[in-house]
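Line by line, the protein sequences give chains A and B. Throughout the first sequence, residue numbering follows full-length UniProt numbering, covering 1 to 382 in sequence. Throughout the second sequence, residue numbering follows full-length UniProt numbering, covering 1 to 216 in sequence. Heads up, the beta-carbon is just placed ideally off N, CA and C, and yes, glycines get one too.
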Amino acid sequence: MIRLEDLTKRFKTPGADIVAADRVNMEVPTGEICILLGPSGCGKTTALKMINRLIPPTSGKIYIDGQDTSQLDDIQLRRNIGYVIQQIGLFPNMTIEENICVVPRLLNWDIRKARQRAADLLDLVGLDPRQFLRRYPKELSGGQQQRVGVIRALAADPPVMLMDEPFGAIDPINREIIQDEFLKMQAELKKTIMFVSHDIDEAVKMGDKIAIFRAGRIEQYDTPDMILAHPANAFVADFVGADRTLKRLRLVTAEEVASTEVPVTARSTKVSDALHQLTVAKARRAVVIDSDRRPVGFVTAEEMAGASGTVRDFAHPLPATVPVRADLRAVVSEMFAHDTMWLACTDDHGRFAGVITQPDVTAALRATYGPDKGAGPEQGAS
Amino acid sequence: MEIFGFIANNWPVILRLAGEHISIVAVAVGLAILTGVPIGIAITQNRRVADGVLYVASIIVTIPSIALFGLMIPILSKIGQGIGWLPAVIAILLYSQLPIVRNTYTAITNVDPALREAAIGMGMTPFQRLTRLEIPIAIPVIMAGVRTAVVMNIGVAAIAAYIGAGGLGVLIARGISQTDPRQLITGALAVSLLAILADWALLQLQKRLTPAGLKR
Numbered sequence: 001m002i003r004l005e006d007l008t009k010r011f012k013t014p015g016a017d018i019v020a021a022d023r024v025n026m027e028v029p030t031g032e033i034c035i036l037l038g039p040s041g042c043g044k045t046t047a048l049k050m051i052n053r054l055i056p057p058t059s060g061k062i063y064i065d066g067q068d069t070s071q072l073d074d075i076q077l078r079r080n081i082g083y084v085i086q087q088i089g090l091f092p093n094m095t096i097e098e099n100i101c102v103v104p105r106l107l108n109w110d111i112r113k114a115r116q117r118a119a120d121l122l123d124l125v126g127l128d129p130r131q132f133l134r135r136y137p138k139e140l141s142g143g144q145q146q147r148v149g150v151i152r153a154l155a156a157d158p159p160v161m162l163m164d165e166p167f168g169a170i171d172p173i174n175r176e177i178i179q180d181e182f183l184k185m186q187a188e189l190k191k192t193i194m195f196v197s198h199d200i201d202e203a204v205k206m207g208d209k210i211a212i213f214r215a216g217r218i219e220q221y222d223t224p225d226m227i228l229a230h231p232a233n234a235f236v237a238d239f240v241g242a243d244r245t246l247k248r249l250r251l252v253t254a255e256e257v258a259s260t261e262v263p264v265t266a267r268s269t270k271v272s273d274a275l276h277q278l279t280v281a282k283a284r285r286a287v288v289i290d291s292d293r294r295p296v297g298f299v300t301a302e303e304m305a306g307a308s309g310t311v312r313d314f315a316h317p318l319p320a321t322v323p324v325r326a327d328l329r330a331v332v333s334e335m336f337a338h339d340t341m342w343l344a345c346t347d348d349h350g351r352f353a354g355v356i357t358q359p360d361v362t363a364a365l366r367a368t369y370g371p372d373k374g375a376g377p378e379q380g381a382s
Numbered sequence: 001m002e003i004f005g006f007i008a009n010n011w012p013v014i015l016r017l018a019g020e021h022i023s024i025v026a027v028a029v030g031l032a033i034l035t036g037v038p039i040g041i042a043i044t045q046n047r048r049v050a051d052g053v054l055y056v057a058s059i060i061v062t063i064p065s066i067a068l069f070g071l072m073i074p075i076l077s078k079i080g081q082g083i084g085w086l087p088a089v090i091a092i093l094l095y096s097q098l099p100i101v102r103n104t105y106t107a108i109t110n111v112d113p114a115l116r117e118a119a120i121g122m123g124m125t126p127f128q129r130l131t132r133l134e135i136p137i138a139i140p141v142i143m144a145g146v147r148t149a150v151v152m153n154i155g156v157a158a159i160a161a162y163i164g165a166g167g168l169g170v171l172i173a174r175g176i177s178q179t180d181p182r183q184l185i186t187g188a189l190a191v192s193l194l195a196i197l198a199d200w201a202l203l204q205l206q207k208r209l210t211p212a213g214l215k216r
């Protein structure tokens, strides 16, 4: 857990003092990612760097897991906090292995233990240790370097990590991939993370909570969904963008919205039986599945009405299917691409997992705008 | 052809003088590394001190070598060393400060600020930062300063023959005073060759000292 209490930073300049952080109060629960978000010069980076004292606070307190960090020595404090910067900052004179082992060695780990840790961590981010341990940073691509930058910060297994726009310098395609990898890692490691970003999409994707900064103050500190659904003021609403409702699509997966009570039928089923099934279910269509329960097509009641034969004769192919784990943005994108009102969902094994319709999607977005769920806890503004 | 004959006949003398020459430059530049590198690192802490130190070092280089030798005679004769090997070494030590101090200072201050921030953020002490990051990265530029100092001062050491320091300058001085072009040309050739060889040897050393990750 990280707790900031009245954290303030004033820079003395020849005209007037500049207040970079103004009585910032916030708490990041253990195992959560908190995104510090805001326009440049809003104080988010200053707030972050006060935690590992790269910038000494003017006043206020910082607690990590309940301990007042002002009691700790700078060097000891920093060795127990993972730190990732946008420029990555891998040491060019050291191999990848030496880079990862820097903090463990500073903490006097046994060299063999540190090396084993380096190999394990490379494995974790999908870089083959045999191939990469002995390489130098300049021999890696930007994306590979940033992966190493992240695992270097994780090397000594610090409970807390500070990340200063860690994926900011990576091209958009690789950024998505690395973000996904990082979230997967975080699901296991459960570090307490402060993460500076200026990108609302990144914040919504990565954050358990988002703190929106302006002029050294927190304007709103809340979950991504609450910030998108209920911006605290005009500044926040403006910052998150006019398309904030569309951004919320990323926060919901198809699984949460899809309806599983949809009639299914096999190709060999008699039309009369399928029609009976539809009548009982009060449905207009059924999804056709194969023997492995994979969705392969659909039939409608209208087309089968009064006919004989089997379902096979009336089945239409499905325009597309979506993984049930996909977020609603991907689902809607598929719907628009195939000009369809509904899509069949599949689980990890490709088996039928329900149907999602456009009304389901809009209903899901409307749900958190409703009056009963509306006034959530909005804290932080000071 | 006369010259080749002269060189062939005086081979042992030429080698002895070359040995003296090398000893003057090697000792002086060696000491200059031991003083110049720490000075170059120390002045990175304060911009104004750095400007002052580099200014003084630049002024020293503008003093003509023959005048510097002359200046040292009354000072060093108090310890009975007014002429000879010691004043030559001291002069070259002073001349070497500029390239070595300046290159060290420039190399350390030019280390990417992001690397420094990462190192501080990871909890390195200032000394660890210096020995594990800044000096290894600065090595090629520091070595380039050492090479400049060596090449420049092989020429200066030739003039030290006039204050009795020995070295290949002896051949040049005699060649002039005896109007003997054989000695003059032999001395000049030997000094040039020595400078070229020393530069090449130090380049090889520079390559070996440069961390593998910084090589192109």
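Exposed unless 16 or more other CB atoms sit within 10 angstroms - verdict on residue i
{"i": "E20 (chain B)", "result": "buried"}
{"i": "residue 221 (chain B)", "result": "With chain B running from 1 to 216 in the structure shown, residue 221 (chain B) is simply not present."}
{"i": "Q67 (chain A)", "result": "exposed"}
{"i": "W200 (chain B)", "result": "exposed"}
{"i": "D222 (chain A)", "result": "buried"}
{"i": "I75 (chain B)", "result": "exposed"}
{"i": "N52 (chain A)", "result": "buried"}
{"i": "M341 (chain A)", "result": "exposed"}
{"i": "G43 (chain A)", "result": "buried"}
{"i": "I63 (chain B)", "result": "exposed"}
{"i": "F336 (chain A)", "result": "exposed"}
{"i": "K373 (chain A)", "result": "Low local confidence applies: a pLDDT of 40 at K373 (chain A) is under 50, so the model's placement there is unreliable, with the coordinate-based value given in what follows. Classification of K373 (chain A): exposed, given that the 10 Å Cβ count is below 16."}
{"i": "I193 (chain A)", "result": "buried"}
{"i": "G306 (chain A)", "result": "exposed"}
{"i": "P99 (chain B)", "result": "buried"}
Euclidean distance between Cα positions of residue i and residue j
{"i": "G38 (chain A)", "j": "I43 (chain B)", "result": "39 Å"}
{"i": "P14 (chain A)", "j": "V103 (chain A)", "result": "39 Å"}
{"i": "G121 (chain B)", "j": "G36 (chain B)", "result": "29 Å"}
{"i": "D313 (chain A)", "j": "H349 (chain A)", "result": "27 Å"}
{"i": "A32 (chain B)", "j": "I196 (chain B)", "result": "20 Å"}
{"i": "residue 418 (chain A)", "j": "D51 (chain B)", "result": "This structure gives no information on residue 418 (chain A), because the portion of chain A shown stretches from 1 to 382."}
{"i": "T95 (chain A)", "j": "W109 (chain A)", "result": "18 Å"}
{"i": "P181 (chain B)", "j": "I73 (chain B)", "result": "30 Å"}
{"i": "R116 (chain B)", "j": "L106 (chain A)", "result": "16 Å"}
{"i": "R134 (chain A)", "j": "E98 (chain A)", "result": "9 Å"}
{"i": "G380 (chain A)", "j": "N25 (chain A)", "result": "Below a pLDDT of 50, predicted positions are generally treated as unreliable, and G380 (chain A), at 42, falls in that range; the measurement from the model is reported next regardless. Between G380 (chain A) and N25 (chain A), the C-alpha separation is close to 7 Å."}
{"i": "T46 (chain A)", "j": "I137 (chain B)", "result": "29 Å"}
{"i": "I75 (chain A)", "j": "I100 (chain A)", "result": "18 Å"}
{"i": "M185 (chain A)", "j": "I177 (chain A)", "result": "12 Å"}
{"i": "S259 (chain A)", "j": "V355 (chain A)", "result": "5 Å"}
{"i": "L162 (chain A)", "j": "K209 (chain A)", "result": "15 Å"}
{"i": "Q128 (chain B)", "j": "V111 (chain B)", "result": "15 Å"}
{"i": "P224 (chain A)", "j": "E188 (chain A)", "result": "21 Å"}
Top-ranked residue by Cα proximity to residue i, from the options
{"i": "A161 (chain B)", "options": "B:I63, B:A8, B:I83, B:P38", "result": "B:I83"}
{"i": "A212 (chain B)", "options": "B:P140, B:V53, B:G167", "result": "B:P140"}
{"i": "N46 (chain B)", "options": "B:Y105, B:L194, B:I142, B:V27", "result": "B:Y105"}
{"i": "G168 (chain A)", "options": "A:R147, A:V331, A:A20", "result": "A:R147"}
{"i": "R351 (chain A)", "options": "A:H316, A:R294, A:A305", "result": "A:R294"}
{"i": "A254 (chain A)", "options": "A:R329, A:E202, A:F298, A:D201", "result": "A:R329"}
{"i": "V271 (chain A)", "options": "A:G309, A:C101, A:L127", "result": "A:G309"}
{"i": "A155 (chain A)", "options": "A:V125, A:T300, A:A364, A:V332", "result": "A:V125"}
{"i": "T269 (chain A)", "options": "A:F298, A:R217, A:D243", "result": "A:F298"}
{"i": "L90 (chain A)", "options": "B:L98, B:S192, B:A118, B:Y95", "result": "B:A118"}
{"i": "I7 (chain B)", "options": "B:L168, B:V29, B:T179", "result": "B:L168"}
{"i": "V150 (chain B)", "options": "B:A114, B:L189, B:A198, B:A188", "result": "B:A198"}
{"i": "L189 (chain B)", "options": "B:I154, B:Y95, B:G164", "result": "B:I154"}
- Sequence ranges, beta strand (DSSP E) only - wholly within the region 22 to 85 of chain B, length at least 3: none
- Item | Inside the region 19 to 82 of chain A only - beta strand (DSSP E) runs reaching at least 3 residues | 33 to 37, 59 to 64
- Query: Would you call the region 257 to 265 of chain A and the region 273 to 288 of chain A touching, i.e. three or more CB-CB distances under 8 Å?
  - Reply: Short answer: they touch.
- Between the region 55 to 67 of chain A and the region 127 to 138 of chain A, are three or more C-beta pairs nearer than 8 Å? no
- Query: Does the region 238 to 249 of chain A come close enough to the region 282 to 298 of chain A that 3 or more CB-CB pairs lie under 8 Å?
  - Reply: no
- Please determine if the region 213 to 221 of chain A and the region 38 to 47 of chain A are in contact, where contact requires at least 3 C-beta pairs separated by less than 8 Å. Counting C-beta pairs closer than 8 Å gives three or more between the region 213 to 221 of chain A and the region 38 to 47 of chain A, which meets the contact rule.
- Just list the beta strand (DSSP E) runs in the region 85 to 123 of chain A, keeping only unbroken ones of 3 residues or longer that don't cross its boundaries, in chain order. For the region 85 to 123 of chain A, there is no continuous beta strand (DSSP E) assignment of 3+ residues that stays within its boundaries.
- Task: Please go through the region 266 to 330 of chain A and give each complete alpha helix (DSSP H) segment of 4 or more residues, from N-terminal end onward.
- Result: For the region 266 to 330 of chain A, the continuous alpha helix (DSSP H) assignments of 4+ residues that do not extend past its boundaries occur at 271 to 281, 301 to 304, in sequence order.
- Give, in chain order, every unbroken run of the beta strand (DSSP E) that is at least 3 residues long and sits entirely within the region 131 to 192 of chain A. Segments of the beta strand (DSSP E) lying fully in the region 131 to 192 of chain A: 160 to 164.
- Query: Do the region 144 to 160 of chain A and the region 176 to 195 of chain A make contact, defined as three or more Cβ pairs closer than 8 Å?
  - Reply: yes
- When the Cβ atoms of the region 61 to 69 of chain B are set against those of the region 85 to 93 of chain B, are three or more pairs found closer than 8 Å? They touch, by the three-pair rule.
- Query: What beta strand (DSSP E) runs, 3 residues minimum, are completely inside the region 77 to 140 of chain B?
  - Reply: none
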